[in-house]
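Protein chains in written order, with the numbering used here: chain A, 610 to 1023; chain B, 610 to 1023.
Heads up, the beta-carbon is just placed ideally off N, CA and C, and yes, glycines get one too.
Quick caveat, the model's predicted, so the values are computed rather than measured.
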């Protein structure tokens, strides 16, 4: 094996023991703080005490696909091209949901280590991410959601429910994430992989605030799995793809600004098109409402400046940025950006038109979602002591979740 | 609360922290040894190193119901009356499957502590045991098998799948046991009960030998839960109801002596009746074949001595004992004993007539079962240091699994 590999401009050392990176979907730092307060996460306590713990910034927009891909590439969306779960193809005008690796244009750390002879495994909660994480990966990659359907040819593994000891979990349950962790534990015990990436689901966080019994129960169940990973001698790094914010009014209804309706009223129906890049197959989580949307203008009919001015005057809007400025500020790929990128204020959800969103999916629960700057801070935890150089680095430059592979592979002391 | 309680002639101190007794169904000591060898049970390693670990004897016959009831009563079957999963009612001549507490005639430690104001919880894998464990229990008692059906009125709890974070497990899966442990963890975290009894299923052990990947995976998954229980500050005691022995021939077929057929051939059809007290609703586990059966004689038609002599001459028979002798030797209730108790040799299953047993339930797997003396040795593990008096006691008198509540409530230091 090589001593190290360069991927997307960064060098990564070959791990000497199984190295796990967990993307703890939707894990706002408050979930960890509340669970520690309740005394239900002893393994996390140990990790944070004996290893390294800080907060880092997620990539914008704070959605699942852009951040998972950023983490496994160790690079921002401008490099790999994935800036949403859902986007408008500027060439064809069609709206496209990302369900595979097609929009990706950078190598992943996972793929490169696997091609160099490393044993690499990626397990994700939702199948929508699986193909992206598996891009060029010569190893095992599967989702908990489709665990029973794995084949050696397609996923590099079969009989996953037998491996884990239970059937495929309900995709709308906390067990979707726990199944991912349990699969990781079994695979480390049986195969001692070099690198394993475990990407969870934010089902619990979309439904329950930090410190609630449901949230603490989930944190405790995750913690039990962290203890098992550590007991197996793994180095464990934890980050999140985004935090989570309550986006309901005091009365409990969703606190939404329907930009599509507002723009239609102001500039005429169809003059603009609002794309909600949070949209994914898991609409029960969020009703496709989050803190970041993209506005596309019908060409040659409307001036961008007047739309920017209008948007900036609306309540609930934090930022309305022209494409170039949004891309420069957030490291986003220009060819996949809207004419205008809109960021909501903390606690405000942005939508297209009201008729585009099915709030009945929330089943009367408060809307909790993400996408804006408010969900950028995420945990950044490493199970083992870092070298002095990495401790200093974390103090002097802002940490990002995309730094996690660098820290676990290069920063952990012998 | 009282300082201590007397139950069935023994005194138990009131616990100062949550005290958990786990009945690790079918856990032959070899499962633990092989899992330790494989390095997959770090929490058990710690418990055994820092606390107390020995082997103890299960009650005869080595079946689930007699042993679970013995453990929660802290007394042998002669005291509480339950000597099988299935028995012939001598008064009516009817065969009866034990599905509730009707055959019990002693108080349980659980019931007495709950009546004295303690918060007591019993969780069992299979519902067949639930009513027995819940006898007179003023607290929470439910089974994983029927988790979704719990009501406050009947079980003292509702919404168990929500508590645990996943749906009711498949009764024929390792998860049936893991669900019990996860429920226990959640209940300790949320309610800090005084005493909690967790009774697992031997689904894995009936199918897989110690040290197999499937067995080690299960041991590892259990171990993760033990770590969580210890992290919550609980005192944990582990025993088993019985071990498990391979009862197949070298060619893989079930190694069965059909006593019913043999007795019919020798003494005429119907002169005797063979009762298999392993019989329970979980026939896929064992096809109702185990290492212990009871022979009832049709009254006044046949001499017991000649039947005893005949049985003792058969291959595969370890012991054939007249009722009085069996009851004296094994502390069994005379009114529920057969005229003759028959114990198989290690590795031999005893059946009634071949037509009474559906071996297709084994689906081609090797028969693994229990009931005889070979399955009496079980683990006896306490998570915390014992007082010198209890260490000495364990050295000087044979330990039994029914001693576990005594050890965790009275023997643990400070």
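query	result
C-beta neighbour in chain A for residue 754 of chain B, strict 8 Å	no
9 Å Cβ cut-off: residues of chain B touching residue 974 of chain A	By Cβ distance, chain B contributes nothing, its closest Cβ being about 14 Å from residue 974 of chain A, past 9 Å.
Closer than 8 Å to chain A by CB, residue 794 of chain B	yes
Straight-line gap, residue 612 of chain A to residue 630 of chain A (C-alpha atoms, nearest Å)	20 Å
Proximity of residue 949 of chain B and residue 930 of chain B at Cβ, strictly below 8 Å	yes
First through last residue of the beta strand (DSSP E) which encompasses residue 632 of chain A	628 to 632
Where the alpha helix (DSSP H) through residue 673 of chain B begins and ends	673 to 682
Beta-carbon proximity list for residue 820 of chain A, same chain, < 6 Å, skipping 5 on both sides	643
Of the listed residues B:926, B:885, B:907, nearest to residue 672 of chain B (C-alpha basis)	B:885
Short CB-CB distance (under 8 Å) between residue 776 of chain A and chain B	yes
Environment of residue 697 of chain B [buried if 16+ CB atoms lie within 10 Å]	buried
Near the ligand GDP: residue 623 of chain A beta-carbon under 7 Å from a heavy atom	With respect to the ligand GDP, the structure offers nothing, as it holds no ligand at all.
Check whether residue 848 of chain A and residue 682 of chain A have beta carbons under 8 Å apart	no
Three-way DSSP call (helix, strand, coil) for residue 1059 of chain B in this model	Residue 1059 of chain B is absent from the structure shown; chain B starts at 610 and stops at 1023.
Beta-bridge pairing of residue 615 of chain A - partner residues as DSSP gives them	A:620
Residues near residue 739 of chain A in its chain [Cβ-Cβ closer than 7 Å; skip 5 each side]	733, 750, 751, 752
Contact set between the region 757 to 771 of chain B and chain A, restricted to residues whose Cβ is under 7 Å from the partner	none
Assigned secondary structure, residue 948 of chain B (DSSP; H/G/I helix, E/B strand, else coil)	coil
CA-to-CA distance, residue 928 of chain A to residue 919 of chain A, given in whole angstroms	12 Å
CB contact below 8 Å: residue 826 of chain B versus chain A	yes
Among B:680, B:708, B:712, B:689, nearest to residue 699 of chain B - alpha-carbon criterion	B:712
Any beta strand (DSSP E) of 3 or more consecutive residues that is wholly inside the region 675 to 737 of chain B	695 to 697, 704 to 706, 729 to 733
Neighbour list for residue 829 of chain B in chain A, Cβ cutoff strictly below 8 Å	794, 795, 798, 837
Neighbouring residues, chain E, relative to residue 787 of chain B (Cβ below 8 Å)	Annotation note: the requested chain E is absent from the structure, which comprises protein chains A and B.
Length of the line joining the Cα atoms of residue 985 of chain B and residue 1006 of chain B	16 Å
Residue 784 of chain A: contacting residues in chain B (beta-carbon distance under 7 Å)	774, 775
Helix, strand or coil at residue 939 of chain A according to DSSP, with G and I counted as helix	helix
Completely contained beta strand (DSSP E) runs for the region 800 to 873 of chain B, where each covers 3 or more residues	804 to 808, 844 to 848, 865 to 867
C-beta neighbour in chain B for residue 745 of chain A, strict 8 Å	no
Of the residues B:871, B:675, B:772, B:955, the one placed nearest residue 551 of chain B, counting alpha carbons only	With chain B running from 610 to 1023 in the structure shown, residue 551 of chain B is simply not present.
Residue 991 of chain A (DSSP reduced to helix, strand or coil)	strand
Residues that DSSP places opposite residue 904 of chain B in a beta bridge	B:883, B:949
Residue 834 of chain B at chain A interface by Cβ criterion, 8 Å	yes
6 Å CB neighbourhood of residue 1021 of chain B in its chain, flanking five on each side removed	844, 993
Segment contact flag, the region 864 to 884 of chain A with the region 662 to 676 of chain A, C-beta cutoff 8 Å, min 3 pairs	no
Cβ shell of residue 966 of chain B (< 7 Å), same chain only, five flanking positions each side left out	896, 897, 898, 960
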